[in-house]
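Participant: Provided herewith is a single structure, encoded as C-alpha cells, for subsequent inquiry.
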Amino acid sequence: MHRDAAGSIESRRSWHAAFLTLAILSVSFGAPLVVVVGLRDIQTAMHTDRSVLSLASALVWIGTGLGGIAMGWLADRIGIRRTVAMGTLMMAAGLALSSLGTVWALFVGHGLLMGFFGNGAIYPPLMIYVSRWFDRRRGTAIALISSGQYIAGVIWPTILQAGMRQFGWQPVMLGVAGVVLLILPALTLLHPAPDPLIPGPAYAGPRPGEHVPGLRPNVAMVLLCIASFCCCVPMAVPFSQLVAFCGDIGIPPSHGAAMLSVMLGCAFLTRQFWGVFADRFGGLRTIMTGSALQMVAIGAFLLTQDEVGLFAIVSAFGLGFSGIIPSYSVTIRDLYPSKEASWRIPTVLMTAMSGMAFGNWSAGKLFDEFLSYRPAFASGVLFNLANLALILFLVSRMAPRRRLTLAAMS
265 MHRDAAGSIE
275 SRRSWHAAFL
285 TLAILSVSFG
295 APLVVVVGLR
305 DIQTAMHTDR
315 SVLSLASALV
325 WIGTGLGGIA
335 MGWLADRIGI
345 RRTVAMGTLM
355 MAAGLALSSL
365 GTVWALFVGH
375 GLLMGFFGNG
385 AIYPPLMIYV
395 SRWFDRRRGT
405 AIALISSGQY
415 IAGVIWPTIL
425 QAGMRQFGWQ
435 PVMLGVAGVV
445 LLILPALTLL
455 HPAPDPLIPG
465 PAYAGPRPGE
475 HVPGLRPNVA
485 MVLLCIASFC
495 CCVPMAVPFS
505 QLVAFCGDIG
515 IPPSHGAAML
525 SVMLGCAFLT
535 RQFWGVFADR
545 FGGLRTIMTG
555 SALQMVAIGA
565 FLLTQDEVGL
575 FAIVSAFGLG
585 FSGIIPSYSV
595 TIRDLYPSKE
605 ASWRIPTVLM
615 TAMSGMAFGN
625 WSAGKLFDEF
635 LSYRPAFASG
645 VLFNLANLAL
655 ILFLVSRMAP
665 RRRLTLAAMS
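Residue numbering for the sequence shown follows my numbering, starting at 265 and increasing by one per position.
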C-alpha cells in the first residue's frame, strides 16, 4: 500500500485505542500518588526521614523507565494485551507489599513491582502502541493519552486524602490495588496496531542511519536523553513535594491536595493545546516552549508562600510542563523510523523518569538538610536552564531539515 494525498493509517479505531489507553493510564498513574499525598502521615508512622519516602517515590520513576525498555521489546513479541496485563498484576502486588509499612517493602514494592514490572509494562508500551495508530495527528494523540497522568492527578489526591483521614494510609493503599485490577477487563478491547503505510516518493520519512538535525542519529539521541533528564528534575519537585510543602508553611493538607489537583487539572486541559502545537511546529519546538514556561513557574515558587499566589503558580506550572514529556515521543517519531520506536521511545522516557526520580529524591534530601524547599526550587531552575540550552542547540540544527521536509510534503 502506498501513501497518496489522502492516504493515512488513522481511523475511528485509532481514536478508540487512544481513549481506551487514556482510561487505563488514568487508573495506573493513581497508584504512585498514595505516597505523594500521604507523605507526612507515612513519615510519622514509619519514623523515617522524608528523603527515604521521596526515594521510594523516585524508584517508581526509575523502575518505569528501565522497565519500559525491556517491556517495549517484550510487547513487540508477546503482544500489548499480555504485557499490560502483567504490568497491572505487578502494580497491584507492589501496592499490597508496600502497605506492610516497612522501608524495604516500600522500596521493593514501589521500585521493582510498581515501577519496573508495573508501570514499566503499562506506560511506555502503550505510548508506542498508540503512536503506531497515527501518522498525521500523532502529537494530538500522544498528548491525549499522556493526559492520563493528569486525570489521575485531578481525581485521586482528594479521594486519597479523604480515605487516609478516615481509614489510614495502609488500607487506602490496599484499596487502590483493588481498583488497579479493574484494568484487566478493559484489555480485551485492545486490538493490534496497523502496519505502517509504505511511504510514496513525496515523503520518504526518516530512514535508518540518516543524520538527525545534522548530527549522527545516536549523538542526537544522547542529547535528547540528557535534555529529558534535565527538564524532569524541576518537574518532579512540585509534583512530589507540593502537599508536604503546603503543610510545612501552614496550608492545610486538604488545600495542598486540592492545589495538586488544580496543577494537574490545568496540565490536562492544556495538554491538548500542546498536542496540536506539536503537530504544527514539531516536537522539539514544543519542548522548547514548554520548558521555558516551566522554568518561569518553578522560579516563581521562590517568590511567595501565599496560598492564593501558590494556586496561580501551580496553574502556570501545569501549563508549562504538560506538553514536555509527550513531545519527546513525538520528536522520536519525527526524527527516527517507526521500527526504532520500540527502543528509542522507552529509552528517552527512561532518562526522563530518571530525572523525575532524581528530582523527587533530591528535593526530599535538600529539605532534610535545610528544612526548606527553597534550595530544591532553586536547583530546579538551574536544571531547566541546562535543558533549554540543549533543546535550543537541537532546534538550531533542525531548522534547515524542517524547511526541506515541509517543502517535500507540500
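Where is the CB? At the ideal position from N, CA and C, for every residue including glycine.
No experiment lies behind these values; they were computed from the predicted model shown.
Using 8 Å for Cβ pairs, my map puts residue 420 next to residue 294. What's the rounded Cβ distance?
Facilitator: In the sequence shown, the residue the question calls residue 420 occupies position 156. In the sequence shown, the residue the question calls residue 294 occupies position 30. About 4 Å separates the two Cβ atoms, so the contact holds.
Participant: Could you check whether the region 500-518 touches the region 391-404, counting it as contact only if at least three pairs of C-beta atoms, one from each stretch, sit closer than 8 Å?
Facilitator: By the Cβ criterion, the region 500-518 is not in contact with the region 391-404, since fewer than three pairs of Cβ atoms, one from each stretch, lie closer than 8 Å.
Participant: Which whole-angstrom value is the C-beta distance of residue 379 and residue 331, which I expect to be below 8 Å?
Facilitator: For the purposes of this step, residue 379 is taken as the residue at position 115 of the sequence shown. For the purposes of this step, residue 331 is taken as the residue at position 67 of the sequence shown. With 8 Å as the limit, residue 379 and residue 331 qualify as a contact, their Cβ atoms being about 6 Å apart.
Participant: Tell me the DSSP secondary structure of residue 377 in three-state form.
Facilitator: For the purposes of this step, residue 377 is taken as residue 113 along the sequence shown, with counting starting at 1. DSSP places residue 377 in helix when its eight states are reduced to three.
Participant: Could one say the Cβ of residue 604 lies closer than 8 Å to chain D's Cβ atoms, at least one of them?
Facilitator: Absent from the structure is chain D; it holds one protein chain and no more.
Participant: Closest by CA to residue 684, which one among 405, 428 and 361?
Facilitator: Residue numbering for the chain in the displayed model covers 265 to 674; residue 684 lies beyond these limits and cannot be assessed.
Participant: Taking the C-alpha atoms as reference points, what is the distance between residue 578 and residue 304?
Facilitator: In the sequence shown, residue 578 corresponds to position 314, counting from 1. In the sequence shown, residue 304 corresponds to position 40, counting from 1. The straight-line gap from Cα to Cα measures roughly 20 Å.
Participant: Identify whether residue 524 lies in helix, strand or coil by the three-state DSSP scheme.
Facilitator: As a first step, residue 524 is located in the sequence shown; it is residue number 260 there, counting from the start. Three-state result, residue 524: helix.
Participant: For a minimum of 3 consecutive residues, which ranges assigned as the beta strand (DSSP E) are wholly contained in the region 472-505?
Facilitator: none
Participant: Does the beta-carbon distance from residue 377 to residue 357 come in below 8 Å?
Facilitator: On the sequence shown, residue 377 is found 113 positions in, with the first residue counted as 1. On the sequence shown, residue 357 is found 93 positions in, with the first residue counted as 1. The answer is yes: Cβ separation under 8 Å.
Participant: Taking Cβ positions, are residue 504 and residue 627 nearer each other than 8 Å?
Facilitator: Translated into positions along the sequence shown, residue 504 becomes position 240. Translated into positions along the sequence shown, residue 627 becomes position 363. It is a contact, given that the beta carbons lie within the stated cut-off.
Participant: If you reduce the DSSP assignment to three classes, tell me which class residue 280 lands in.
Facilitator: For the purposes of this step, residue 280 is taken as the residue at position 16 of the sequence shown. It is helical.
Participant: What residue does the alpha helix (DSSP H) around residue 294 start on, and which one ends it?
Facilitator: The residue labelled residue 294 in the question sits at position 30 within the sequence shown. From DSSP, residue 294 is part of no alpha helix (DSSP H); its letter is neither H nor E.
Participant: Work out the CA separation of residue 272 and residue 323 for me, nearest whole Å.
Facilitator: Taking the sequence shown and counting its residues from 1, the one referred to as residue 323 is at position 59. Taking the sequence shown and counting its residues from 1, the one referred to as residue 272 is at position 8. Cα-Cα distance, rounded: 40 Å.
Participant: Between residue 632 and residue 531, what straight-line distance do the alpha-carbon atoms span, to the nearest angstrom?
Facilitator: Here residue 632 is taken as the residue at index 368 of the sequence shown, counted from 1. Here residue 531 is taken as the residue at index 267 of the sequence shown, counted from 1. Looking at the two C-alpha atoms, the distance is approximately 29 Å.
Participant: Quick one, which of 423, 422 and 339 has its alpha-carbon nearest residue 394's?
Facilitator: Here residue 394 refers to the residue found at position 130 of the sequence shown. It is 339 whose Cα lies nearest to the Cα of residue 394.
Participant: The alpha helix (DSSP H) with residue 383 in it runs from where to where?
Facilitator: As a position in the sequence shown, residue 383 is number 119, starting the count at 1. Segment: none, residue 383 is in no alpha helix (DSSP H) and carries neither H nor E.
Participant: Residue 613 to residue 548, Cα distance in whole Å?
Facilitator: Indexing the sequence shown from 1 puts residue 613 at position 349. Indexing the sequence shown from 1 puts residue 548 at position 284. So the alpha carbons of these two residues sit roughly 15 Å apart.
Participant: Can you tell me the Cα-Cα spacing of residue 387 and residue 374, whole angstroms?
Facilitator: Numbered from its first residue, the sequence shown carries residue 387 at position 123. Numbered from its first residue, the sequence shown carries residue 374 at position 110. C-alpha separation (whole angstroms): 15 Å.
Participant: Extract the residue ranges of the alpha helix (DSSP H) inside the region 320-384, only unbroken runs of 4 or more that lie entirely within it.
Facilitator: 344-362 and 367-371
Participant: Over what stretch of residues does the alpha helix (DSSP H) that includes residue 406 continue unbroken?
Facilitator: Along the sequence shown, read from residue 1 onward, the residue named residue 406 stands at position 142. Run containing residue 406: 402-410, per the alpha helix (DSSP H) assignment.
Participant: Given that a residue counts as buried once 16 or more other Cβ atoms are within 10 Å of its Cβ, and exposed if not, what is residue 466?
Facilitator: Start at 1 with the first residue of the sequence shown, and residue 466 comes out as number 202. Only weak support exists for where residue 466 lies, its pLDDT of 41 falling under 50; the value from the coordinates is given anyway. Exposed: under 16 other Cβ atoms inside 10 Å.
Participant: Would you call the CB atoms of residue 484 and residue 599 closer than 8 Å?
Facilitator: Indexing the sequence shown from 1 puts residue 484 at position 220. Indexing the sequence shown from 1 puts residue 599 at position 335. A distance below 8 Å separates the beta carbons of residue 484 and residue 599.
Participant: Does the pairing of the region 410-429 with the region 340-357 give three or more beta-carbon distances under 8 Å?
Facilitator: Three or more Cβ pairs closer than 8 Å define a contact, and the region 410-429 falls short of that threshold against the region 340-357.
Participant: With distances taken Cα to Cα, identify the nearest neighbour of residue 311 among 365, 601 and 596.
Facilitator: Here residue 311 is taken as the residue at index 47 of the sequence shown, counted from 1. Considering only alpha carbons, the answer is 365.
Participant: Should the region 516-533 be regarded as contacting the region 636-645, the criterion being three or more beta carbon pairs within less than 8 Å?
Facilitator: no
Participant: Name the two residues that bound the continuous alpha helix (DSSP H) containing residue 631.
Facilitator: Within the sequence shown, the letter at position 367 stands for residue 631. Run containing residue 631: 605-634, per the alpha helix (DSSP H) assignment.
Participant: Distance check for residue 648 and residue 268, CA to CA, integer angstroms please.
Facilitator: Taking the first residue of the sequence shown as 1, we reach residue 268 at position 4. Taking the first residue of the sequence shown as 1, we reach residue 648 at position 384. For residue 268, the predicted structure reports a pLDDT of 40, less than 50, and the residue's modelled location is therefore unreliable. A value from the coordinates is still provided. Computed Cα separation, rounded: 42 Å.
Participant: For the alpha helix (DSSP H) containing residue 550, list its first residue and its last residue.
Facilitator: Translated into the one-based positions of the sequence shown, residue 550 becomes position 286. That run of the alpha helix (DSSP H) goes 547-564.
Participant: According to the neighbour-count rule (16 or more other Cβ atoms, all chains shown, within 10 Å of its Cβ), is residue 605 buried or exposed?
Facilitator: Position 341 of the sequence shown holds residue 605. Per the 10 Å Cβ criterion, buried.
Participant: Flag this pair as yes or no: are the beta carbons of residue 588 and residue 495 separated by less than 8 Å?
Facilitator: Here the question's residue 588 lines up with position 324 in the sequence shown. Here the question's residue 495 lines up with position 231 in the sequence shown. Yes, the Cβ-Cβ distance between residue 588 and residue 495 is below 8 Å.
Participant: Can you say whether residue 501 is buried or exposed, counting buried as having 16 or more other CB atoms within 10 angstroms of its CB?
Facilitator: As a working note, residue 501 is residue 237 in the sequence shown. Classification for residue 501: buried.
Participant: Residue 351 and residue 320: beta carbons closer than 8 Å?
Facilitator: Mapped onto the sequence shown, residue 351 falls at position 87. Mapped onto the sequence shown, residue 320 falls at position 56. Between residue 351 and residue 320, the C-beta spacing is not below 8 Å.
Participant: Rounded to whole angstroms, what's the CA-CA distance from residue 569 to residue 299? Just pull it up for me.
Facilitator: As a position in the sequence shown, residue 569 is number 305, starting the count at 1. As a position in the sequence shown, residue 299 is number 35, starting the count at 1. Approximately 23 Å between the Cα atoms of the pair.
Participant: Ordered along the chain, which non-local residues of its own chain (more than five positions away) have a Cβ less than 6 Å from that of residue 302?
Facilitator: In the sequence shown, residue 302 corresponds to position 38, counting from 1. For residue 302, where only same-chain residues beyond five positions count, the Cβ hits under 6 Å are 428 and 433.
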